[in-house]
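In what follows, a structure is listed as structure tokens, so that the remarks can point back to it.
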Amino acid sequence: MRSFILTLVVMAGGLFPLHAQEPAKRAQRKANPKHRFEYRFDDSLQQTADSLARQEKWFRDAKFGAFIHFGVYSSLEGEYQGRGSDFRYSEWIQISAKIPAKEYHQVAAQFNPAEFDADQWAKTFADSGIRYVVITSKHHDGFALFQSMVSNYNIVDYTPFKRDIIKELSEACHRHGLKFGVYYSHAQDWDEPDAPYLNQRATLRDIHPDLPADFDQDMDRYIQKKSLPQVEELVKNYELDLIWFDTPVGINFERAKLFSDMVRKYRPDCLINSRLIHSGKAKIEQQYLPLYDYVSIGDKEVPTTKLPLYVESPDSVSSSFGYKTKGNCYYHSEEEMLHRFVHTVCAGGNALINNGPMGNGRLDPEAVRLYGVIGDWLKINGESIYSSVRNPLDARPQWGDISASKDGQTLYLHILDWPESGSITVNGLTSAVTSAVYLTNGQKVDFAQDGDNLKLMLADEPLDKYDTVVKLTYPQD
């Protein structure tokens, strides 16, 4: 079998710009040097053999996941009594609006997503080309979307809805051929005074004003009382393919190992993400790799370079993860969303694209529409995404990006920015190209090869308004 190596004489592209409605000050903010991929990922990092085996079962080929942030906060839509709407993420409303726990409990007691339909959700995801689903079983507010014997602060025991959303959605996803996972906030829990939290907009006393003056916070007490037992409930009682931890404030190796061991005890094939112990933009350390299976990079972060470990980008269709209509919020355009997705896959990772369902239990129509745009594109161009491997180049080409087949015999050129010259030149090929066709319609692309140089003559206009893919084929031995 003959493989190929190529080099394009082009400049590397950067992150795709966010929607024009995003505040200019955010777009202009300089990146922390310690957040650079080159700093966070040492080239010597190696995933453990058992983690690689778990990835290979389905995760590396899936590429496209649906992330779901759903809970009590969904009914507030980013604002509470005129407060909190200036914060980007609506799921943080208890902190951004400084809602005392007793008041937030009153909101939770009225949460009734009566129009929730697990089969309709799963069908929508499957029809959009999504291969796996991850939903918030418990976010930072401490409220669970599953029936828990550990705490009655859950959707079955605390609300008029009285149904286990995690159970219903897990079963529906598997019926529709989707892998299923849950998000669980293992460190932060604003309903538990013993649990730490990150945001400084509210203090412990703002949320729990009745605490005694001599209260002594004890994170390990919280872990043993609620967090670890609820994770045990999830891995014992639900058919999980993946568990997604987040914001590991205060989590050290010993605490992380408690959770990792619990998952492995009941579900040895269940994938665990790096936010078990690393924050999204933390430096990845080899000593912690045995505790998890793959790396979740920063929120809405698109890889700009090839990385030594397999990654997943927790992106979102909008600026918030929870459903938000109040205050400053925006959705990505169709082009932005598709391009972010393609760049993530071509860098060697999965795109876990979030939607925030509405408080009534229905999916956000704009999220469904954007998922559909990606799904329609995948129906034609899916072979360049599913089961593909990362761009074999050292840098991203200026006009788009590149993915390849596992056997090294096929290269997919994702032309995102149609060149005015009408051609692209590829240099450094070690084998002769036998064919070049557009995936859109199978039409041949004229090309001329002189040694290791290949020039492709493109059509006058792109065949796809978001991403025209050219498939290059090499001879088989």
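Mapped onto mature numbering (1 follows the signal peptide of the UniProt record, and there is no 0), the consecutive letters of the sequence shown carry residue numbers -20 to -1, 1 to 457. Here a beta-carbon is modelled for each residue, glycine too, at the ideal position from N, C-alpha and C.
Which residues mark the beginning and the end of the alpha helix (DSSP H) in which Gly355 is found?
Counting along the chain, the alpha helix (DSSP H) containing Gly355 begins and ends at 345 to 361.
Between which two residues does the alpha helix (DSSP H) carrying Gln90 extend?
Note, Gln90: premise wrong, no alpha helix (DSSP H); not H, not E.
Can you tell which of Arg63, Leu452, Leu158, Asp198 has the C-alpha that lies nearest to the C-alpha of Cys105?
The question names Cys, but residue 105 in the sequence shown is Phe. Nearest option by C-alpha distance: Leu158.
Relative to the alpha-carbon of Asp171, which residue among Leu238, His312, Lys205 has its alpha-carbon at the smallest distance?
Nearest C-alpha to Asp171: Lys205.
Anyone know if the C-beta pair for Leu269 and Leu238 falls short of 8 angstroms?
No, the pair does not count as a contact, with Cβ atoms beyond the cut-off.
Taking the alpha-carbon positions, what's the Trp357 to Val282 distance?
About 20 angstroms.
Going by DSSP, which residues form a beta bridge with Tyr60?
In DSSP, Tyr60 forms a bridge with Arg63.
Taking only the alpha-carbon atoms, compute the straight-line gap between Arg349 and Arg247 and give it to the nearest angstrom.
For Arg349 and Arg247, the distance between alpha carbons rounds to 35 angstroms.
Pull up the distance between the alpha-carbon of Ala262 and that of Asp22, whole angstroms please.
For Ala262 and Asp22, the distance between alpha carbons rounds to 12 angstroms.
Would you mind stating whether Leu452 and Leu393 have Cβ atoms separated by less than 8 angstroms?
Yes; because the gap between Cβ atoms is below 8 angstroms, this pair is in contact.
Could you check what DSSP says for Leu438 in three-state terms: helix, strand or coil?
Note: Leu438 maps to coil in three-state DSSP.
What did DSSP end up calling Ala182 once you bin it into helix, strand or coil?
Three-state result, Ala182: coil.
Give the single residue among Ser293, Trp38, Ala124, Gln86 whose Cα lies nearest to the Cα of Phe321.
Comparing Cα-Cα distances from Phe321 to each of Ser293, Trp38, Ala124, Gln86, the minimum goes to Ser293.
Please classify Ala4: does DSSP put it in a helix, a strand, or coil?
Because Ala4 carries a pLDDT of 41, less than 50, the predicted location of this residue cannot be relied on, and no value is offered for it.
Please specify which runs of the beta strand (DSSP E), each continuous and at least 3 residues long, are wholly inside the region 226 to 253, giving them in chain order.
If we require 3 residues or more, the region 226 to 253 turns out to have no beta strand (DSSP E) run fully inside it.
Can you say whether Pro345 is buried or exposed, counting buried as having 16 or more other CB atoms within 10 angstroms of its CB?
With fewer than 16 other Cβ atoms within 10 Å, it is exposed.
Could you have a look at Ser128 and say whether DSSP puts it in helix, strand or coil?
Coil at Ser128, not helix or strand.
Alpha carbons only, please: which of Leu251, Cys326, Glu18 is nearest the one belonging to Val369?
Checked all of Leu251, Cys326, Glu18; the closest Cα to Val369 is Cys326.
Are Met129 and Glu219 touching if we call contact CB-CB under 8 angstroms?
The answer is no: Cβ separation not under 8 angstroms.
Just mark Tyr19 as buried or exposed, buried being the case when its beta carbon has 16 or more other beta carbons within 10 Å.
With fewer than 16 other Cβ atoms within 10 Å, it is exposed.
Counting beta carbon pairs with one atom in the region 172 to 187 and one in the region 219 to 233, are three or more of them shorter than 8 angstroms?
Contact holds: three or more Cβ-Cβ distances are below 8 angstroms.
Here's the rule: buried if 16 or more other CB atoms are within 10 angstroms of the residue's CB, otherwise exposed. What is Asn433?
Classification for Asn433: exposed.
Which partner residues does Lys451 have in the DSSP bridge list?
DSSP lists Tyr392, Val417 as partners of Lys451.
Are the region 74 to 87 and the region 43 to 61 touching by the rule of at least three beta carbon pairs closer than 8 angstroms?
Yes: at least three Cβ pairs fall under 8 angstroms.
On the DSSP letters alone, give me the boundaries of the alpha helix (DSSP H) that Tyr163 sits inside.
Where Tyr163 is concerned, there is no enclosing alpha helix (DSSP H), although the beta strand (DSSP E) it sits in stretches over 159 to 164.
Name the residue from Asp186, Asn253, Leu271 whose alpha carbon lies nearest to the alpha carbon of Asp241.
When each option's Cα is compared against that of Asp241, the closest is Leu271.
Could you have a look at Arg111 and say whether DSSP puts it in helix, strand or coil?
Coil, per DSSP.
Just to confirm, are Ser70 and Ser300 a CB contact at a threshold of 8 angstroms?
In this structure, Ser300 lies closer than 8 angstroms to Ser70 by Cβ.
Does the region 185 to 204 come close enough to the region 133 to 143 to have 3 or more Cβ pairs within less than 8 angstroms?
Counting Cβ pairs under 8 angstroms, fewer than three are found: no touch.
Measure how close the beta-carbons of Asn335 and Glu95 come, nearest whole angstrom, since I'm counting them as under 8 angstroms.
That pair is no contact at about 15 angstroms.
What does a CB cutoff of less than 6 angstroms around Thr285 pick up in its chain, not counting 5 residues either side in sequence?
The answer, listed in chain order, is Phe17.
Look at Trp224 and Val114 and say whether their C-beta atoms are less than 8 angstroms apart.
In contact: Trp224 and Val114 (Cβ atoms closer than 8 angstroms).
Might you give, ordered along the chain, the residues of its own chain that have their beta carbon closer than 7 angstroms to the beta carbon of His156, omitting 5 neighbours on each side?
Excluding positions up to five away in sequence, the list reads Ala102, Lys103, Ala106.
Give me the Cβ distance between Tyr112 and Leu222, rounded to the nearest whole Å; I'm assuming they're in contact under 8 angstroms.
Right, their Cβ atoms sit about 7 angstroms apart.
Going by C-alpha to C-alpha distance, which of Ser65, Ile146, Tyr351 sits closest to Asp99?
Ranking Ser65, Ile146, Tyr351 by Cα distance to Asp99 puts Ile146 first.
Comparing alpha-carbon positions, which option in Glu315, Gly380, Ser298 lies nearest Cys309?
Answer by Cα proximity: Ser298.
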